[in-house]
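Quick mapping for you: the protein sequence lines, in order, are chains A and B.
For the first sequence, counting from 1, position 177 maps to 262 in our numbering; every step adds exactly one.
For the second sequence, counting from 1, position 59 maps to 144 in our numbering; every step adds exactly one.
Note that beta-carbon positions come from the ideal geometry of N, C-alpha and C, so glycine has one too.
No experiment lies behind these values; they were computed from the predicted model shown.
Reading through the structure tokens given below for one structure.
Protein chains: 2
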Amino acid sequence: MNHVNQQLDERKKMILKAIVDDYIDTAEPVGSKTLVSRHQLPVSSATIRNEMADLEEMGYLEQPHTSAGRIPSDLGYRTYVDSLMEVEALPDEEARTIRTMLKENMSEVTGLIRKASQLLSEQTQYASLALSPKCCKNHLQQIKMLMIEPGRALVVVVLSAGLVKDRMVRIPDLVDSSQLAQIAHAIEEGLHGMPLDDITLVAVSAAGKHAPLPDSLLNQVLYEAYVSIKQADNLEVYMAGSNKLLAYPEFADISRARTTLDVLAKEGMVAGYLNEGIGEEPANSTYMIRIGQEIALSGLENCSFITTTYRIGDTVAGRIGVIGPRRMAYAKVISNINFVRMNLNDQIRSLVSGNDQMEGDRTL
Amino acid sequence: MNHVNQQLDERKKMILKAIVDDYIDTAEPVGSKTLVSRHQLPVSSATIRNEMADLEEMGYLEQPHTSAGRIPSDLGYRTYVDSLMEVEALPDEEARTIRTMLKENMSEVTGLIRKASQLLSEQTQYASLALSPKCCKNHLQQIKMLMIEPGRALVVVVLSAGLVKDRMVRIPDLVDSSQLAQIAHAIEEGLHGMPLDDITLVAVSAAGKHAPLPDSLLNQVLYEAYVSIKQADNLEVYMAGSNKLLAYPEFADISRARTTLDVLAKEGMVAGYLNEGIGEEPANSTYMIRIGQEIALSGLENCSFITTTYRIGDTVAGRIGVIGPRRMAYAKVISNINFVRMNLNDQIRSLVSGNDQMEGDRTL
DNA sequence: CTTTAGCACTCAGAACCTTCGAGTGCTAAA
DNA sequence: TTTAGCACTCGAAGGTTCTGAGTGCTAAAG
Numbered sequence: 086m087n088h089v090n091q092q093l094d095e096r097k098k099m100i101l102k103a104i105v106d107d108y109i110d111t112a113e114p115v116g117s118k119t120l121v122s123r124h125q126l127p128v129s130s131a132t133i134r135n136e137m138a139d140l141e142e143m144g145y146l147e148q149p150h151t152s153a154g155r156i157p158s159d160l161g162y163r164t165y166v167d168s169l170m171e172v173e174a175l176p177d178e179e180a181r182t183i184r185t186m187l188k189e190n191m192s193e194v195t196g197l198i199r200k201a202s203q204l205l206s207e208q209t210q211y212a213s214l215a216l217s218p219k220c221c222k223n224h225l226q227q228i229k230m231l232m233i234e235p236g237r238a239l240v241v242v243v244l245s246a247g248l249v250k251d252r253m254v255r256i257p258d259l260v261d262s263s264q265l266a267q268i269a270h271a272i273e274e275g276l277h278g279m280p281l282d283d284i285t286l287v288a289v290s291a292a293g294k295h296a297p298l299p300d301s302l303l304n305q306v307l308y309e310a311y312v313s314i315k316q317a318d319n320l321e322v323y324m325a326g327s328n329k330l331l332a333y334p335e336f337a338d339i340s341r342a343r344t345t346l347d348v349l350a351k352e353g354m355v356a357g358y359l360n361e362g363i364g365e366e367p368a369n370s371t372y373m374i375r376i377g378q379e380i381a382l383s384g385l386e387n388c389s390f391i392t393t394t395y396r397i398g399d400t401v402a403g404r405i406g407v408i409g410p411r412r413m414a415y416a417k418v419i420s421n422i423n424f425v426r427m428n429l430n431d432q433i434r435s436l437v438s439g440n441d442q443m444e445g446d447r448t449l
Numbered sequence: 086m087n088h089v090n091q092q093l094d095e096r097k098k099m100i101l102k103a104i105v106d107d108y109i110d111t112a113e114p115v116g117s118k119t120l121v122s123r124h125q126l127p128v129s130s131a132t133i134r135n136e137m138a139d140l141e142e143m144g145y146l147e148q149p150h151t152s153a154g155r156i157p158s159d160l161g162y163r164t165y166v167d168s169l170m171e172v173e174a175l176p177d178e179e180a181r182t183i184r185t186m187l188k189e190n191m192s193e194v195t196g197l198i199r200k201a202s203q204l205l206s207e208q209t210q211y212a213s214l215a216l217s218p219k220c221c222k223n224h225l226q227q228i229k230m231l232m233i234e235p236g237r238a239l240v241v242v243v244l245s246a247g248l249v250k251d252r253m254v255r256i257p258d259l260v261d262s263s264q265l266a267q268i269a270h271a272i273e274e275g276l277h278g279m280p281l282d283d284i285t286l287v288a289v290s291a292a293g294k295h296a297p298l299p300d301s302l303l304n305q306v307l308y309e310a311y312v313s314i315k316q317a318d319n320l321e322v323y324m325a326g327s328n329k330l331l332a333y334p335e336f337a338d339i340s341r342a343r344t345t346l347d348v349l350a351k352e353g354m355v356a357g358y359l360n361e362g363i364g365e366e367p368a369n370s371t372y373m374i375r376i377g378q379e380i381a382l383s384g385l386e387n388c389s390f391i392t393t394t395y396r397i398g399d400t401v402a403g404r405i406g407v408i409g410p411r412r413m414a415y416a417k418v419i420s421n422i423n424f425v426r427m428n429l430n431d432q433i434r435s436l437v438s439g440n441d442q443m444e445g446d447r448t449l
């Protein structure tokens with residue numbers, strides 16, 4: 086316990102790696118004998134036993150009960166992930182699937198992200214999730230209001246990163262379509278380039294004040310415009326494949342499965358949690374990995390997250406990643422996430438600011 | 086077995102009802118003694134036993150094993166649902182919740198439906214689902230194309246029922262915003278009022294042909310317009326609360342739970358299944374109830390659906406309903422669904438064609 | 001000092017048995 | 001036709017035993 090921070094010598098590392106690899110594979114506590122035979126280690130099982138006892142004392146391993154093999158602790162996984170595992174390049178097969186699937190769905194950023202998330206879940210067979218793009222430094226770029234029929238209008242808000250959100254609103258029946266356009270234009274004039282966080286109802290009102298309408302009507306329209314602008318920046322979550330988790334033996338116990346799925350169903354909580362970390366660990370690495378207890382969400386103690394960020398333009402816009410059991414195939418997931426991330430960023434780039442890729446295979 | 090279609094006398098009906106009620110409540114096979122004591126039946130357990138044996142022979146009950154109580158068969162549930170159960174009005178408390186929750190979210194039809202579905206799941210504690218509005222007799226009412234930035238446009242399609250869908254598309258960089266508006270206008274002129282199913286790429290091209298643009302550019306825009314129109318009619322599914330099913334003892338066995346959730350996760354399948362029945366049973370009743378084997382989707386054998394339709398204008402537009410274990414609290418669910426349906430229809434009506442409800446509590 | 005063979009010990013899980021009791025069907029009396 | 005009574009059934013719960021993969025420790029070998 087008190088030796089926790091001791092360095093691991095090479096052999097201990099090797100053994101720890103073998104244990105984690107094995108456990109990830111089999112989901113069964115691994116014992117000294119099986120370990121030796123399965124990994125052709127150049128020492129006897131007795132030696133392994135001694136080393137295992139050391140590793141346990143140092144906090145890297147745990148024993149479900151006295152006469153069972155060892156399983157990795159959070160610290161064990163952490164060490165494995167930080168310095169032991171071997172991340173290989175994604176097999177061509179899978180790379181191709183991802184690339185083609187992401188190319189198909191080209192029209193819109195959120196659709197792309199949703200698709201990427203689904204892909205991730207299918208490729209890894211864990212649950213996946215993604216946060217909708219939200220750059221806190223988003224500026225308002227355009228706002229249009231389109232009359233659909235008397236009394237209803239569509240408000241289209243375009244943000245600096247090229248994100249487009251829209252929303253149906255009710256407006257007074259008396260407002261006609263050119264008035265509506267004028268109001269939208271006035272707001273756009275007044276607020277263009279303003280950071281979303283700074284936009285208040287007062288600001289919107291001020292910008293739209295001079296439109297040729299009685300105040301009572303005008304105010305309703307302005308209010309709806311304001312709400313639409315604010316909602317354009319809402320955080321959304323896309324989750325996929327959480328049912329896949331039921332396939333893993335760690336969730337064979339229904340009540341455990343249930344608590345996990347129940348937490349995941351509260352998308353807001355997960356979103357909030359992931360969103361907190363969005364600024365963190367900039368240089369370290371592209372991934373954020375949270376293992377077991379490291380996840381500060383009660384109910385996910387025996388899960389792990391691996392997430393990464395995607396970019397729109399040159400700012401981090403959101404997160405996308407995978408949730409699985411603690412005993413996750415970390416290396417495999419990372420190579421998947423990595424590849425998806427790259428492709429996603431490429432696609433977003435070519436979508437948002439891009440003038441490439443207009444080849445004519447859209448013939449019908 | 087061969088007496089299946091025999092009539093049930095009053096007493097048998099009473100007993101069957103008691104059994105189903107009890108089983109819905111307790112999830113345990115019900116025996117003659119418990120039944121008598123719990124429901125104060127005016128006969129002895131021996132009589133009940135005889136009747137139960139009859140009911141079993143007639144196919145209304147099943148026996149998990151010889152020395153256990155009886156549970157309802159699909160036919161038993163069916164009879165219960167068709168003529169035995171007592172549907173009570175929704176408790177005020179719940180009615181109020183539903184009413185207020187549905188009022189909150191007023192801006193848009195699909196949002197409303199999604200909300201209604203979530204509500205249904207929360208109120209009943211089963212899974213819920215809804216199909217997006219899709220009237221096969223939808224006509225095209227408007228199409229607008231809004232330039233977002235060079236090379237990107239938002240296509241807004243308005244259908245006859247007041248449904249609005251939009252989609253980001255890529256367009257050639259050279260097209261400018263007034264050209265775009267002209268094209269949209271031309272398409273709208275040409276296709277206004279045309280049933281969606283009849284709209285082909287050729288028709289769109291013909292309508293937009295005379296816009297002042299080189300053909301190669303024009304064709305791309307027209308193609309995107311066409312796709313947008315077609316996608317406006319896509320069937321979508323909103324599902325909520327499927328994790329709630331894990332709470333019921335019928336899903337205590339993980340592998341059963343998994344197959345069920347896996348089927349539900351394939352939203353397309355469920356959607357397709359529900360969509361088939363959308364024209365059926367018009368006069369019978371407002372609900373469609375499918376029990377166990379009646380559901381022609383393998384994997385949902387021990388589930389039941391209860392769905393109803395909602396309307397936009399005066400045509401049936403989609404379905405909304407609940408999925409739970411076969412042993413579902415049918416009466417309770419029905420009163421919930423019924424109430425949600427009414428409120429949903431009201432809200433939709435006031436949203437789509439309405440000029441009411443513009444009270445000023447949007448002050449802030 | 002490190003490694004390893006050997007050995008006694010541990011303990012969860014499977015397999016088997018017993019008990020218990022809620023349930024049945026049948027028979028005979030009311 | 002109903003009901004009391006009774007013998008019978010059989011799953012679930014609880015207890016026992018057995019098994020074997022796993023351990024830690026000791027002492028010999030390198």
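Cβ-Cβ separation between A/Ala201 and A/Val425: approximately 5 Å, consistent with a contact (criterion under 8 Å). A/Asn421 and A/Gln208 do touch by the CB rule: their CB atoms are close to 5 Å apart, below 8 Å. Sorting A/Tyr333, A/Leu126, A/Ala291 by C-alpha distance to the C-alpha of A/Ala271 places A/Ala291 at the top. With the criterion set as a beta carbon lying under 7 Å from some beta carbon of chain A, the members of the region 335 to 349 of chain B are Ala337, Ile339, Ala342, Arg343, Leu346, Asp347, in sequence order. Check the Cα spacing between A/Asp107 and each of A/Arg155, A/Leu320, A/Val243, A/Val128: the tightest is with A/Arg155. Within the region 206 to 230 of chain B, the residues whose Cβ lies closer than 8 Å to some Cβ of chain A are Gln227, Lys229, listed in chain order.
Per the DSSP secondary-structure output, B/His224 pairs in a beta bridge with B/Pro280. Judged by DSSP secondary structure, B/Val194 falls outside any beta strand (DSSP E) and instead within the alpha helix (DSSP H) spanning 194 to 209. Where B/Lys250 is concerned, the enclosing beta strand (DSSP E) starts and stops at 249 to 255.
DSSP places A/Ile156 in the strand class (E or B) of the three-state scheme. Contact between the region 386 to 395 of chain A and the region 140 to 148 of chain A is absent: fewer than 3 CB-CB pairs across the two stretches fall below 8 Å. The continuous beta strand (DSSP E) containing B/Ile374 extends over residues 372 to 376. Three or more Cβ pairs drawn from the region 306 to 321 of chain B and the region 214 to 223 of chain B lie within less than 8 Å of each other, which places the two stretches in contact. Taking 7 Å as the cut-off, the beta carbon of B/Ser117 is found closer than this to the beta carbon of B/Arg134. Your pair A/Val166 and A/Tyr415 checks out as a contact, with CB atoms roughly 5 Å apart and the cut at 8 Å. Closest option to A/Asp282, judged by alpha-carbon separation, among A/Val260, A/Ala296, A/Tyr311: A/Tyr311. Look at A/Leu330: its C-beta is not under 7 Å from any C-beta on chain B. By the CB criterion at 7 Å, B/Leu244 and B/Gln226 fall inside the cutoff. When 7 Å is used as the limit between beta carbons, B/Met253 is near these residues of chain A: Ser192, Glu193, Val249, in chain order. The three-state secondary structure of B/Gly275, taken from DSSP, is helix. Here A/Gln305 has Ile256, Pro257 as same chain residues with Cβ atoms under 7 Å from its own Cβ, once five neighbours each way along the sequence are excluded. Here B/Leu231 is bridged, per DSSP, to B/Leu239.
At least 7 Å separates the beta-carbon of A/Glu178 from that of A/Ile228. With contacts defined as CB atoms closer than 7 Å, B/Ile397 and B/Tyr372 fail to qualify as a contacting pair. By the beta-carbon neighbour count (other beta carbons within 10 angstroms, threshold 16), B/Ala342 is buried. For the region 387 to 410 of chain A, the set of residues with a beta-carbon nearer than 9 Å to any beta-carbon of chain B is empty. A/Ser130 and A/Ser168 have their C-alpha atoms some 25 Å from each other. Setting aside the 5 residues that flank it on each side, A/Val121 is surrounded in the same chain by Val128, Ser129, Ser130, Ile133, each with a C-beta closer than 8 Å to its C-beta; the list follows chain order. Between the alpha carbons of A/Leu265 and B/Ser206 lies a gap of roughly 39 Å. When the beta-carbon positions are compared, B/Glu136 and B/Ile100 come within less than 7 Å of each other. The beta-carbon distance between B/Lys351 and B/Tyr211, rounded to whole angstroms, is 19 Å. This is too long to meet the 8 Å contact definition.
Secondary structure of B/Leu214 (DSSP, three-state): strand. When rounded, the separation of the alpha-carbon atoms in B/Gly247 and B/His277 is 14 Å. Per DSSP, A/Thr132 is one residue of the alpha helix (DSSP H) stretching across 130 to 142. In its chain, beyond the 5 residues on either side, Tyr395, Arg396 have a beta carbon closer than 8 Å to the beta carbon of B/Asn430.
Taking 7 Å as the cut-off, the beta carbon of B/Ser213 is found closer than this to the beta carbon of B/Ala325.
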